[in-house]
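Those sequence lines, one after another, are chains A and B. Just so it is clear: in the first sequence, position 389 is 389 by the numbering used here, and no numbers are missing. Just remember that the numbering used here sits 1000 ahead of the position in the second sequence, which is counted from 1. Quick reminder that beta carbons are idealized off the backbone N, C-alpha and C, glycines included.
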Amino acid sequence: MNFSEVFKQSNQLCKVSPDGKYLATCVQYRLVVRDVSTLQILQLYTCLDQISHMDWSSDSLFILCAMYKRGLVQVWSMEQPDWHCKIDEGSIGLVSSRWSPDGRHILNTTEFHLRVTVWSLCTKAVSYIKYPKVCQKGADFSRDGCYMALAERRDCKDYVSVFVCDDWHLLRHFETETQDLSGLEWSPNGCVLAVWDSCLEYKVLLYSLDGRLLSAYSAYDWSLGVKSVTWSPSSQFLAIGSYDEKVVYKEVEKRTAVGSDDLSLHNITIGTTLFNTQSKYEICPPPVQIPVVKPDPDRANPKIGVSTLAFSSDSRYLATKNDNMASVVWVWDMQKMSLVAVLQQTSAVRCFQWDPRRPRLALCTGNTKLYLWSPAGCVSVQVPAEGGLQVQSLSWHCSGDSLILLGKEQLCLCYMDQEDK
Amino acid sequence: MGEWWTTGPIGTSVGNYEISNISHVTMSPSRQNNLASMYSSLPLSYNVLGAFCTEDNIPQCVSYINQELDALGLSTCIEASTPRAAGLNSVPALNAMYELMQIHRRHMSSLEELEREQLKKSSTLDHVQMNNSRLKDQLELSMREKSGLHETERQLQLKIKTLQSCLKTEKDEVQKLQSIIASRASQYSHDAKRKEREAAKLKERLSQLLVDRKDKKLAIDVLNCLGRSDGKRSHWRTAKATVGHEGEMYKSLLNDYEASQRTLVLENAELKKVLQQMKKEMIHILSPRKPSPRGATADDSQEQANSDGEEKAGDCSRETLDQSCEHAREQLANSIRQQWRKLRNHMEKLDSQASLVQTQLECNQELILRETHEDEMERMRREVQQCKEFIHAQQQLLQQQLNTSFDDETAALLNDCYTLEEKERLKEEWRLFEEQKINFERERKNFTEAAIRLGREKKAFEEDRASWLKNQFLNMTPFTDRRRCSSSDGQSALSIKSEPEMRMSSTKTPLVKSSTYTPFSTPKPSLSATVPSTTELYRSLRLMPDSR
């Protein structure tokens, strides 16, 4: 395992291009593009203000830099460094900005979510989409980039609009049976759209691409409901994490909802082992006591329930984090429907992500260490950086060969060995 | 006449009753005194009375009656009017009778009183007994009531408990609902506050915009338009395009459905194959071990199964074509179920048989145990025998091995072989030792030769010194006898020389003794070539101080 030297970055804006060749980071108002393997600076762009958001286009040719305070978006080209593009939203303000899947359109959400403006870089044309919904995840593109689903709210009712990304033609517009739609997500095969309600009502609805309701699922009434939803990479299962600290792993049937399995996170007396290699992970025999932090009952959005779910790339493992045991990551085997490992860290887990190629989980807790888990074992690695790099978040390179570790103002790359664990 | 009786009518009026008019006396059943005895003999007394006094025995009767009266304590005595007459003196007789009647009356009254008392007492007794029984009944009733009340109390207690538990659950439920309500309320209020804040921001912005007239237009500034990502030209948005999109969407949906259907069909085929296999195997297991599977079986179901199996086996090829046929599927499922049921029954039968055998075993403990015991014993004996033979064979071989070394050489060789290594090592070490000793001896020889040379030189030097001194002395004193001086000097010089020689020779002996171990023999000491001792040598060479 090799570590690169430490570079500066601001705002945790550091992304690898989709083709895996370049690494773009933002330092204040500058955009720095490096080569991933040599980390040499290839391009340097200067924006007009401090960059709030940065993203690569899908063909890795363009980068957008959004400056929310100024309401500006600047687009830079990798092939032609002289090429420039500036989008000014004017007085209406800017809250979020993203690429379309074809890499030629930019969708800006204005302040107060008044509308979504679609800018075309090919034709300089503008389209508007009215009444976008303000929620956790209001818009999602399908994996193949053909369709976009957008949540809307008109007259106190929730709607979903499905657009064809080719020409932004509104394909379908249907009302959803939710009280207050909180998020939507396409299945990886692009045929089913999962829509879930806010935490005041437990409801997960599955709509097919053409707008038919396929199934509705609700585990219980009245208590706080869904906290997080994620699809398995095979599109066959949906994992729903809720405030009652349970994960519902539901098989998605095209016609009727068949069985669903509950993974209860309290049964830690059944077969938990922590693997150990040469570093500082201890193996504790079951039963293990995990400290539970009771959230304040008077506050909204209590820190309880399953907030993060992540499937491994082969759909075999599911990693979950429960907010009232924030220093623990639970790894479940989906084929056997059992708990495989419980990783208890010394402080709250800030970020974890699966390797895009193999079943390897990287996690960080805000200290100077990087933790890796795989079915064969787990390690904790000290990040060698002078001055100490507190790893706040991490992301894998698309090839799974390296990790990008982001600190508060710094970043570091970690190259994995090819025949590593 | 010895019999004692008394008579008398009930009632106070005596009158002129004739003794024959004794009325029938009714007796109260509770009389306990001798009144009963008195009256029981009444009919008898009538007859006896007639026989008591006759014409003949009047005086005896009179005397007897007098005696009786005396005994009763009455003073009047009856006497006969004339000694021979049958009559009596009426006055005393009447008096006696009167007194007797008085007595009788008294007795009767006391009797009455007693009777009355008794009646009273009996009635009180009755009364008391009745009371007693009544109270007992009452007591029983109240006891029953008490138990009934206990029972009701217990039931009520139970009810209270259940109600309390219900209450508890309800309270818990209420608590839970309250907490839910509280969390929902906090969530609502949070959301409401957020919305309010946003509305406020909107209002502010709106007012700002209304005031602030210079409206920044939204604009895009691109150096040059880009081509599409897929390189093609963009199309006009037409109705055909929209229909095309719909078509695309349905196509993708259909593809997805088809793909899932394909996988399902494959899965189905797999499962069907597995089921077929299972069915065949089950039939195989369950079929009886008879040569003719067809017709001769008494078991109807078995026959059916067999025929079913035959049918199925024959239809195998057809079935693969009928995969999607509902009928075939159902048939398969049913036949599997049937077979499984049979297998299960068979297993159950076997289980019960096994348990029966087990119980039988337990019943016929001695017989069977002995048999098994004997089998075990036989087996063990055989094993022991085998082991013994084995050990014997081993022993023989070992002995053979030990005793085959009659040949001396080989014996010696064999005997030596264990210590060969050590012997070699020892030889090696001896060799080294010898070498070292040789070296040491050589060195010593050199040393001694050097010492001898030194000694000789010293001697020569001393001789020179002596002669020189002699010459000096002779030169100094020309008047002394030269001859004497020279000889004495020579003698003294010689004596000086001989002294160390003497000493050397004395110390030579221990050295000789020490060298007897060595195979080398040191040269014999001779006066001319004495080998001085090491210490002497050292001393002479001034290597060691004169410590002696």
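Legend entry - Where A/N108 falls: helix, strand or coil (DSSP): In the structure shown, the three-state DSSP call for A/N108 is strand.
Legend entry - 8 angstroms Cβ cutoff, A/W119 in contact with chain B: Chain B places a beta carbon closer than 8 angstroms to that of A/W119, counting this residue as a contact.
Inset, instruction - Note down, in chain order, every chain A residue with its Cβ under 8 angstroms from the Cβ of B/T1242. - result: Proximity of chain A to B/T1242 at the Cβ level (cut-off 8 angstroms) is accounted for by H169, in chain order.
Inset, instruction - Kindly list the residues whose CB is nearer than 8 angstroms to the CB of A/S242, restricted to its own chain and excluding five residues on each side of it in sequence; keep chain order. - result: Once the five neighbours on either side are set aside, the close Cβ partners of A/S242 are Y202, A219, L224, G225, V226, K227, V248, G305 and V306.
Inset, instruction - Could you check if A/Y147 is buried or exposed, using at least 16 other CB atoms within 10 Å of its CB as the buried criterion? - result: The Cβ neighbour count for A/Y147, taken over all protein chains shown within 10 Å, is at least 16; the residue is labelled buried.
Legend entry - First and last residue of the uninterrupted alpha helix (DSSP H) at B/T1152: Boundaries of the alpha helix (DSSP H) around B/T1152: S1090 to V1211.
Legend entry - Amino acids of chain B, ordered along the chain, whose beta-carbon sits closer than 7 angstroms to that of A/N189: Here the neighbours are D1256.
Inset, instruction - Mind checking the segment 70 to 87 of chain A against chain B and listing, in chain order, the residues whose C-beta falls within less than 7 angstroms of any C-beta there? - result: From the segment 70 to 87 of chain A, only W83, H84, C85, K86 and I87 have a Cβ closer than 7 angstroms to chain B.
Legend entry - Other residues of its chain near A/Q15: CB distance less than 7 angstroms, five sequence neighbours each side excluded: In the sequence on display, residue 15 of chain A carries Lys and not Gln. Result list for A/K15: A24, M54, D55 and W56, in chain order.
Inset, instruction - Check distances from the C-beta atoms of the segment 1175 to 1191 of chain B to those of chain A and list, in chain order, the residues that come in under 8 angstroms. - result: Of all residues in the segment 1175 to 1191 of chain B, only L1177, S1179, I1180, A1182, S1183, R1184, S1186, Q1187, Y1188, S1189, H1190 and D1191 place a beta-carbon less than 8 angstroms from a beta-carbon of chain A.
Legend entry - Nearest candidate by alpha-carbon position, reference A/E152, set A/D144, A/V162 and A/G145: Restricting attention to A/D144, A/V162 and A/G145, the CA atom closest to the CA of A/E152 is found in A/V162.
Inset, instruction - Identify the continuous alpha helix (DSSP H) that holds B/H1346 and give its terminal residues. - result: E1326 to C1363 is the span of the alpha helix (DSSP H), which, as asked, contains B/H1346.
Legend entry - Cβ-based neighbour list, A/P384, same chain, cut-off 8 angstroms, excluding 5 preceding and 5 following: F3, listed in sequence order.
Legend entry - Span of the beta strand (DSSP E) around A/H503: Beyond the ends of chain A as shown, which are 1 and 421, falls residue 503 of chain A; an answer cannot be given.
Inset, instruction - Taking a Cβ distance cut-off of 8 angstroms, strictly less, list which residues of the segment 202 to 227 of chain A are near chain B, in chain order. - result: From the segment 202 to 227 of chain A, only S208, L209, D210, W222, S223 and L224 have a Cβ closer than 8 angstroms to chain B.
Inset, instruction - Figure out for me which residue from A/V27, A/W168 and A/H169 has the closest Cα to the Cα of A/I41. - result: Sorting A/V27, A/W168 and A/H169 by C-alpha distance to the C-alpha of A/I41 places A/V27 at the top.
Legend entry - Closest residue to A/R70 among A/L107, A/W83, A/S399 and A/V95 (Cα-Cα distance): Relative to the Cα of A/R70, the nearest Cα in the group A/L107, A/W83, A/S399 and A/V95 belongs to A/V95.
Inset, instruction - With DSSP collapsed to three states, give me the class of A/C26. - result: Three-state DSSP puts A/C26 in a strand.
Legend entry - Helix, strand or coil at A/D158 according to DSSP, with G and I counted as helix: Note: A/D158 maps to strand in three-state DSSP.
Legend entry - Pick from A/L31, A/Y22 and A/W196 that is closest to A/N11, judged by C-alpha positions: Of the listed residues, the one whose Cα sits closest to A/N11 is A/L31.
Inset, instruction - Taking A/L200 as the query, report the chain B residues whose CB atoms sit under 7 angstroms from its CB, ordered along the chain. - result: Neighbours of A/L200 on chain B, chain order: R1184 and Q1187.
Inset, instruction - Decide if B/G1247 is buried, meaning its Cβ has at least 16 other Cβ atoms within 10 Å, or exposed. - result: Exposed, by the Cβ-count rule.
Legend entry - Unbroken alpha helix (DSSP H) run spanning B/I1438, endpoints: Start and end: L1420 to M1476.
Inset, instruction - From the DSSP output, in three-state form, read off B/S1505 for me. - result: The pLDDT assigned to B/S1505 is 44, lower than 50, so where the model puts this residue is not dependable, and the model offers no usable value.
Inset, instruction - Establish whether the CB of A/R104 and some CB of chain B are separated by less than 8 angstroms. - result: With a threshold of 8 angstroms between beta carbons, A/R104 makes contact with chain B.
Inset, instruction - Using a cut-off of 8 angstroms between C-beta atoms, extract the partners of A/K137 located in chain B. - result: Ordered by position in chain B, no residue passes the 8 angstroms Cβ test against A/K137, which lies about 17 angstroms from the chain.
Inset, instruction - Would you mind stating whether A/A326 and A/F352 have Cβ atoms separated by less than 8 angstroms? - result: No, Cβ-Cβ distance for A/A326 and A/F352 is not below 8 angstroms.
Inset, instruction - In angstroms with no decimal places, state the Cα-to-Cα distance between B/P1291 and B/K1279. - result: Note that B/P1291 has pLDDT 45, beneath the 50 cutoff, so the model's placement of it is unreliable and the number below is only indicative. Each residue's alpha carbon lies about 21 angstroms from the other.
Inset, instruction - Go to A/T176, then tell me how far its alpha helix (DSSP H) extends in each direction, as first and last residue. - result: From DSSP, A/T176 is part of no alpha helix (DSSP H); its letter is neither H nor E.
Inset, instruction - Could you pull out every residue in the same chain whose Cβ sits closer than 8 angstroms to the Cβ of A/W396, ignoring the five residues on either side in sequence? - result: If we look at A/W396 and ignore the five residues flanking it on each side, its Cβ neighbours are Q353, W354, D355, P356, A362, S402, L403 and I404.
Inset, instruction - Mind the definition here: the segment 58 to 67 of chain A touches the segment 1196 to 1211 of chain B only if three or more C-beta pairs lie below 8 angstroms; say whether that holds. - result: At 8 angstroms Cβ cutoff, the stretches do not touch.
Legend entry - Test: B/G1247 CB closer than 8 angstroms to a CB of chain A: B/G1247 has a beta carbon lying at 8 angstroms or more from every beta carbon in chain A.
Legend entry - With 16 other Cβ atoms within 10 Å as the buried cut-off, status of B/H1392: It is exposed - the Cβ of B/H1392 has fewer than 16 other Cβ atoms within 10 Å.
Inset, instruction - Tell me whether A/M1 sits in a helix, a strand or coil according to DSSP, three-state version. - result: It is coil, neither helix nor strand.
Inset, instruction - Out of A/S215, A/H169, A/K157 and A/F174, state which residue places its alpha-carbon closest to the alpha-carbon of B/L1240. - result: The question names Leu, but residue 1240 of chain B is Lys in the sequence shown. Distance check between B/K1240 and each of A/S215, A/H169, A/K157 and A/F174 places A/H169 closest, using alpha-carbon atoms only.
Inset, instruction - Starting from A/P297, find everything on chain B with Cβ-Cβ shorter than 9 angstroms and list it in chain order. - result: Within chain B, the residues near A/P297 are S1179, A1182, S1183 and S1186.
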